[in-house]
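As you go down the protein sequences, you meet chains D and X in turn. Numbering follows this note's numbering, in which position 79 of the first sequence is assigned residue number 71; successive positions increment by one, without gaps. Quick note: to get this note's numbering, add 1248 to the position in the second sequence (first position is 1).
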Amino acid sequence: MKDTDADLDALEDDALMVLFARGDVDAARILTDRLLPRVYRHAARVLGDRTEAEDIAQEAMLRLWRAAPDWHLDGPARPRTWLYRVTANLAVDRLRRKGRAVGLDDDVASTAPSAEAQLQDAGRMAALDAALATLPERQRQAVVLRHIEGLGNAEIATILGIGVEAVESLTARGKRALAAALADQKEALGYG
Amino acid sequence: MAEDIDDKALDALDALLAEAARDMPTPALRARVLADGVSVADAAAPAPRQSRAREWRDLLDGFGGWRALSGVTAAGVMGLAFGLYAPGTVDLVLDGRLMALSDGGVTPDIEALLLAMEDLGDV
Chain D
-7 MKDTDADLDA LEDDALMVLF ARGDVDAARI LTDRLLPRVY RHAARVLGDR
43 TEAEDIAQEA MLRLWRAAPD WHLDGPARPR TWLYRVTANL AVDRLRRKGR
93 AVGLDDDVAS TAPSAEAQLQ DAGRMAALDA ALATLPERQR QAVVLRHIEG
143 LGNAEIATIL GIGVEAVESL TARGKRALAA ALADQKEALG YG
Chain X
1249 MAEDIDDKAL DALDALLAEA ARDMPTPALR ARVLADGVSV ADAAAPAPRQ
1299 SRAREWRDLL DGFGGWRALS GVTAAGVMGL AFGLYAPGTV DLVLDGRLMA
1349 LSDGGVTPDI EALLLAMEDL GDV
């Protein structure tokens, strides 16, 4: 008998992947609702472009669907972690193809429009995206995963393929750099 | 520059980051992702099983469903199924549920069907 939504909602993502591999499209719906927002937000903040973020998010989810037949409940990665890693790699590829990658850690900041310029056009999210764009790519990813997606340092380390101490350093420096990039926008951002 | 950052700036940044955490994909993107999932699932499904299930569903609908069959007719339809297909490959539809006959014998669901046939009487 078909599982009810409540039954499926109680399952971990791994179990839903196995069900989807057997053709359960309700499992796909629940996985989409759980994971797509995360993938989309990650891509949107790293790329600073909603249209490109949608492309990346859809591609990442398509790879997840195709990976389902080979998914094991006792495998090395959770679907969420695997998906974030795919998204991170797709985003970096897109940035490099467009010439917008800023190097891995402490290289020179990008030439993206300033936060102030973005704020004149589109508002708070655009200002955040512009500020994020001033960070080196890996620092940007770490800040997004830690301070927007709320992931722990260990999971971020797995996603980015670096050590936990490196994650701690990237997120701490990255958040200070973000605050500095937005320092001129106090009134527009609602404080000061 | 980083040393000039005060608590108000950090609080404002935290508020902005919290707002970013509520950013959601569009319904259109969600629909495309789900459509991709259905496509992948359909491409992976074994076609012969599905087509046989549909054939049986159509056959049973022609009789008016299982409940409309007398016990003799139901046994005849089951016999037709076993005669036409090897037990290891038959899929049956009962009350809208897909059940498989394993190579080793019938599933518990098929046994329930056999009991239901007795309930129909007229055997």
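For every residue, glycine included, the Cβ atom is placed at its ideal position computed from N, Cα and C. All of these numbers come straight from a predicted model, not from anything done at the bench.
What's the gap between the Cα of residue i and the Cα of residue j?
{"i": "Ala(-2)(D)", "j": "Pro128(D)", "result": "43 Å"}
{"i": "Arg144(D)", "j": "Ala80(D)", "result": "Note that residue 144(D) corresponds to Gly in the displayed sequence, not to Arg. Straight-line Cα distance between these residues: approximately 16 Å."}
{"i": "Leu11(D)", "j": "Leu75(D)", "result": "18 Å"}
{"i": "Asp85(D)", "j": "Arg132(D)", "result": "15 Å"}
{"i": "Ala122(D)", "j": "Glu157(D)", "result": "27 Å"}
{"i": "Asp1254(X)", "j": "Leu0(D)", "result": "46 Å"}
{"i": "Ala1263(X)", "j": "Gly40(D)", "result": "18 Å"}
{"i": "Ala19(D)", "j": "Leu3(D)", "result": "9 Å"}
{"i": "Leu1261(X)", "j": "Pro1273(X)", "result": "22 Å"}
{"i": "Arg77(D)", "j": "Arg70(D)", "result": "11 Å"}
{"i": "Asp1271(X)", "j": "Ala36(D)", "result": "9 Å"}
{"i": "Thr73(D)", "j": "Leu152(D)", "result": "10 Å"}
Of all Cβ atoms in chain X, is any one closer than 8 Å to the Cβ of residue i?
{"i": "Arg58(D)", "result": "yes"}
{"i": "Gln50(D)", "result": "yes"}
{"i": "Thr163(D)", "result": "no"}
{"i": "Tyr32(D)", "result": "yes"}
{"i": "Leu127(D)", "result": "no"}
With a Cβ-Cβ cutoff of 8 Å, do residue i and residue j count as a contact?
{"i": "Val31(D)", "j": "Ala52(D)", "result": "yes"}
{"i": "Leu56(D)", "j": "Ala7(D)", "result": "no"}
{"i": "Ile148(D)", "j": "Arg33(D)", "result": "no"}
{"i": "Leu162(D)", "j": "Val1281(X)", "result": "no"}
{"i": "Met9(D)", "j": "Ala60(D)", "result": "yes"}
{"i": "Ala134(D)", "j": "Gly166(D)", "result": "yes"}
With DSSP run on the structure shown, which of helix, strand or coil describes residue i?
{"i": "Trp74(D)", "result": "helix"}
{"i": "Met53(D)", "result": "helix"}
{"i": "Ile148(D)", "result": "helix"}
{"i": "Lys90(D)", "result": "coil"}
{"i": "Ala139(D)", "result": "Note that residue 139(D) is His in the sequence shown here, rather than Ala. Three-state DSSP puts His139(D) in a helix."}
{"i": "Gly191(D)", "result": "Any property of residue 191(D) remains undetermined from this structure, which presents chain D solely from -7 to 184."}
{"i": "Gly15(D)", "result": "coil"}
{"i": "Ala171(D)", "result": "helix"}
Should residue i be flagged as near chain D, meaning a C-beta pair shorter than 8 Å?
{"i": "Asp1255(X)", "result": "no"}
{"i": "Pro1275(X)", "result": "no"}
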